Structures are given as structure tokens and as C-alpha cells.
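Enquirer: Protein chains in written order, with the numbering used here: chain A, 104 to 283; chain B, 3 to 193.
Ideal Cβ placement from N, Cα and C applies to all residues, glycine included.
This one's a predicted model, so the numbers in the text were calculated from it and none came from an experiment.
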């Protein structure tokens, strides 16, 4: 992101300049939950910058949003509404949207859940749903600091960009060691 | 968009709107038994059911589905077609329930009534979908246009007695509304 700004008439977020290289973990401290949400969505190509530029891989979300979404997987801060989404059905749904083989996706998701041991299902399912995709960049909106180790282990060697409200949480995600 | 992704979006949306589907079906059946004659009643009632089902597709009501769909590598117009199928199906099911009970109550013009009801309800439903991505006066305008689309189809049938004209108007209005919804979905920023 180079001076990426988003304005919708109510408030303005940015300018934000961030580079995330392959395999890198980058964190950003934001001043409000709304800013953290919009910045993460800018980074994932879900929201289009009104000024400045965003490039995901070689693609611009304003011109090639579908290409960007193949590269970046977004994980929201909000918990999944569990009564509506039972695990296998949720993974099958996400796999169908990304055209990933259902059985492989379910097996992969179960492995990811093992890595996310201790993480509440409502937070683990969306992360597992994002990680079954072939995306090489994982964008997290205000991930729970209590689950930093498990989240970083599950993300593995993929690039990771996360937004936070507290500096301590950002440092935790940036510095936690990846377990072999 | 693959057929599998299309089916997944439709299935998830139908599952999340199953209550609306049942309420629409039961309510249409009851109204069909009470008012089994004429075209205006089924057309307007089923259009209303379709508009309510369409408005439920708006952002914020099923946030998990919205987010999964927005994150997925799907084009706006493809997603629009999948999302539009669900409220249209609910409107068609309501029309079928209405005609079924009207038939039991002795109404004989069922095939024509069913066809005209769908011709009125589908463009109204698709126009209402465009309202879901807008706020303020634009949203109200789309809702008025949805009601107007249904009213125009009924007016063409009742006053001109030219079925193909009603069908042509319904097809054109539905096509334009679906195209507009796809464009709006592609430009939409989920903040």
C-alpha cells in the first residue's frame, strides 16, 4: 500500500503505506476499531482505496479485484455465528467458493484446527476457512492476542498482515516465533 | 464462477432464509384461500414477499455469508445472479402456494394467474435487490420502482390484455435490475 486512503463521506482512513514481502509478517497499530477494519480490508483488496495505491501481487483491487482475492485471504475480527455454521458445512461452503476440492479442504482444515488448539471455534473456523484457500497472503483484522502463537503457527510460511489497536498486541504478532 | 460455487451460494442463502421461505409459503397459501380470484392480489402479495426476501439479502443481516462471498474470487455480476436466485425462488414458491390454495377454493384461471404473478413478482424482487446496497433517497427510490414494476405488469395485463407485452416488460425490467445489481455489487465497499 502506498499512501492508501479510504473516504466514504463519514470518515477518512489513511494514508497508509505498508509493504509485505513474501513470507513476511507485518503488523500495523490503528487508532480505532473502524480504522483497523478498513485498513485490513484495504490490504485484502475488499475495499478500494479512494486515493493512493494498493497492489496485491501485481494486481490493483480497483481493476482486478478477483485476482487480488485469489492472493489475499481475509480473516475478520468478529466471531463466526456458530449455530448457523457447523464445521464441515462451513468448510465445504468456503471450498466451493474458492473451487478447492471438498475432501482435501476438510482434511486440511482439520490439520489447521489441530494447530489452533485452544482457540475458540468461533475464531478458529474463519481462520481455517481462510487457510484452506491457495492464498499466499493472510490479512487479519484485530486478531486476538491471546491466540497469537496458534494463529502464527497456523499461518505458517504465508505472508501475514494484521491490524491492531494496541502496540503490545502488534509486537506480539510480529515477534512470536514460528514453531517448526 | 463455477456451478459448484453458484450452488454453494444459493444453498447457503436458502438455508439462512429458510424461515422467510416458510412464512412466505404459508402466508401466500392463506391469502390464496381467502382471495382466490383476480390477478392484482396474487401479483402484489407475491411481489411483497419477493421484496421482503430481497431486502433480507442486504449487508449486515447474514454477515458471515456476506463476508465469505465478498472475500471469494467471484465477479460481482456472477455473485449477483446467485444471490438474486434466492428471493426470486421465494417469490415463485409463494406464487405456487397462492395458486394451489386458490385452485382448491375454486379459481379456474390458475396457469395464467401463475404466469402473470411471476411476471410481476420477479422484476419487483430484482429491483428491490438494488435497494439493499443503497441508503437514503436512492434506497427509497428503488423500493418505489420495485412496487411500480409490479404495478405496471398488472396494469398491462388488466388494461391492454396483451400477455406478451407484460412478459416483455417484465423480462426487460428484470434484466436491467439484475445488471444494475451486479454492477453495484462489484463496486460495493463492505465497510
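In the DSSP output, which residue or residues are listed as bridge partners for residue 159 of chain A?
Expert: In DSSP, residue 159 of chain A forms a bridge with A/162.
Enquirer: Taking DSSP as the reference, what is the three-state secondary structure of residue 260 of chain A?
Expert: Coil, per DSSP.
Enquirer: Can the beta-carbon of residue 97 of chain B be found less than 8 angstroms from the beta-carbon of residue 120 of chain B?
Expert: Going by C-beta atoms, residue 97 of chain B is nearer than 8 angstroms to residue 120 of chain B.
Enquirer: Any idea if residue 265 of chain A is buried or exposed, counting beta-carbon neighbours within 10 angstroms, 16 or more meaning buried?
Expert: Classification for residue 265 of chain A: buried.
Enquirer: Is the distance from the Cβ of residue 132 of chain B to the Cβ of residue 182 of chain B below 8 angstroms?
Expert: For residue 132 of chain B and residue 182 of chain B, yes; Cβs fall inside 8 angstroms.
Enquirer: Using a beta-carbon distance cut-off of less than 8 angstroms, what residues from the region 156-187 of chain A approach chain B?
Expert: Listed by position, the residues of the region 156-187 of chain A near chain B (Cβ gap below 8 angstroms) are 168, 169, 170, 172, 173, 176, 177, 179, 181, 183, 184, 187.
Enquirer: Please list, in chain order, all residues of the same chain as residue 118 of chain A whose beta carbon is under 6 angstroms from its beta carbon, the five residues on each side excluded.
Expert: Closer than 6 angstroms at Cβ, skipping near neighbours: 106, 108, 155.
Enquirer: The beta strand (DSSP E) with residue 105 of chain A in it runs from where to where?
Expert: Here the beta strand (DSSP E) through residue 105 of chain A covers 105-110.
Enquirer: If you run the structure through DSSP and keep just helix, strand and coil, what is residue 153 of chain A?
Expert: Note: residue 153 of chain A maps to coil in three-state DSSP.
Enquirer: Closest Cβ-Cβ distance between residue 84 of chain B and chain A: below 8 angstroms?
Expert: Closer than 8 angstroms: no.
Enquirer: Reducing DSSP to helix, strand and coil, say where residue 132 of chain A ends up.
Expert: Here residue 132 of chain A sits in strand by DSSP.
Enquirer: Of all Cβ atoms in chain A, is any one closer than 8 angstroms to the Cβ of residue 68 of chain B?
Expert: It does not; no Cβ of chain A falls within 8 angstroms.
Enquirer: How long is the line joining the alpha carbons of residue 283 of chain A and residue 213 of chain A, rounded to whole angstroms?
Expert: Only weak support is given to the placement of residue 283 of chain A: the predicted model assigns it a pLDDT of 47, under 50, and the question is left unresolved by the model.
Enquirer: For residue 267 of chain A, count the other beta carbons within 10 Å of its own beta carbon; 16 or more makes it buried, fewer makes it exposed. Which is it?
Expert: Looking at its Cβ environment, which holds 16 or more other Cβ atoms inside 10 Å, residue 267 of chain A is buried.
Enquirer: Residue 180 of chain B lies in the alpha helix (DSSP H); which residues open and close that run?
Expert: Run containing residue 180 of chain B: 165-189, per the alpha helix (DSSP H) assignment.
Enquirer: Between residue 131 of chain B and chain E, is any beta-carbon pair separated by less than 8 angstroms?
Expert: Of the protein chains in this structure, namely A and B, none is chain E.
Enquirer: What does the alpha-carbon distance come out to for the pair residue 273 of chain A and residue 259 of chain A?
Expert: Going by the C-alpha atoms only, they are around 17 angstroms apart.
Enquirer: In this structure, how does DSSP classify residue 265 of chain A when only helix, strand and coil are distinguished?
Expert: In this structure, residue 265 of chain A counts as strand in the three-state DSSP scheme.
Enquirer: May I ask you to list, following chain order, the residues of the region 192-220 of chain A that have a beta carbon less than 9 angstroms from some beta carbon of chain B?
Expert: Answer set for the region 192-220 of chain A: 192, 193, 195, 196, 197, 198, 199, 200, 201, 202, 205.
Enquirer: Given a threshold of 16 other Cβ atoms within 10 Å of its Cβ, counted over all protein chains shown, does residue 166 of chain B qualify as buried or as exposed?
Expert: Counting Cβ neighbours within 10 Å, residue 166 of chain B comes out exposed, since fewer than 16 surround it.
Enquirer: Look up residue 244 of chain A in the DSSP assignment and give the residues it is bridged to.
Expert: Looking at the DSSP assignment, residue 244 of chain A forms a beta bridge with A/266.
Enquirer: Comparing alpha-carbon positions, which option in B/10, B/11, B/174, B/73 lies nearest residue 144 of chain A?
Expert: The candidate whose alpha carbon is nearest that of residue 144 of chain A is B/73.
Enquirer: Anything in the region 138-158 of chain A with a Cβ closer than 8 angstroms to a Cβ of chain B? List those residues in chain order, please.
Expert: From the region 138-158 of chain A, only 140, 141, 144, 147, 149, 150, 151 have a Cβ closer than 8 angstroms to chain B.
Enquirer: Would you decide whether residue 113 of chain A is buried or exposed? Buried here means 16 or more other CB atoms lie within 10 Å of its CB.
Expert: So residue 113 of chain A counts as exposed.
Enquirer: Can you give me the Cβ contacts of residue 150 of chain A inside the same chain, cut-off strictly under 7 angstroms, excluding the 5 residues immediately before and after it?
Expert: Cβ neighbours of residue 150 of chain A beyond the five flanking positions: 109, 141, 144.
Enquirer: Can you grab the Cα-Cα spacing for the pair residue 270 of chain A / residue 250 of chain A, in whole Å?
Expert: Whole-angstrom Cα-Cα distance: 16 angstroms.
Enquirer: Report yes if the C-beta distance between residue 188 of chain B and residue 78 of chain B is below 8 angstroms; otherwise report no.
Expert: Contact: yes.
Enquirer: I want to see whether chain A comes within less than 8 angstroms of residue 75 of chain B, judged by CB atoms only; does it?
Expert: Yes, its Cβ sits closer than 8 angstroms to a Cβ of chain A.
Enquirer: By how many angstroms is the C-alpha of residue 142 of chain B removed from the C-alpha of residue 52 of chain B?
Expert: Each residue's Cα considered, the two are about 16 angstroms apart.
Enquirer: Taking Cβ-Cβ distances shorter than 9 angstroms, what residues in chain B pair up with residue 111 of chain A?
Expert: Ordered by position in chain B, the residues that pass the 9 angstroms Cβ test against residue 111 of chain A are 191, 193.
Enquirer: Residue 157 of chain B to residue 90 of chain B, Cα distance in whole Å?
Expert: The straight-line gap from Cα to Cα measures roughly 21 angstroms.
Enquirer: For the candidate residues A/239, A/232, A/248, A/133, whose alpha-carbon lies nearest to that of residue 207 of chain A?
Expert: Nearest of A/239, A/232, A/248, A/133 to residue 207 of chain A, Cα basis: A/232.
Enquirer: Leaving aside the five residues before and after residue 71 of chain B along the sequence, list all residues of the same chain whose C-beta is less than 7 angstroms from its C-beta, in chain order.
Expert: 11, 81.
Enquirer: Determine, using beta-carbon pairs with one atom in the region 237-244 of chain A and one in the region 172-181 of chain A, whether at least three such pairs fall under 8 angstroms.
Expert: Because the criterion of three Cβ pairs below 8 angstroms is met, the region 237-244 of chain A and the region 172-181 of chain A touch.
Enquirer: Helix, strand or coil for residue 116 of chain A per DSSP?
Expert: If DSSP states are grouped into helix, strand and coil, residue 116 of chain A belongs with the strands.
Enquirer: Does the beta carbon of residue 182 of chain B come closer than 8 angstroms to any beta carbon on chain A?
Expert: No, residue 182 of chain B lies away from the interface with chain A (no Cβ there is under 8 angstroms from its Cβ).
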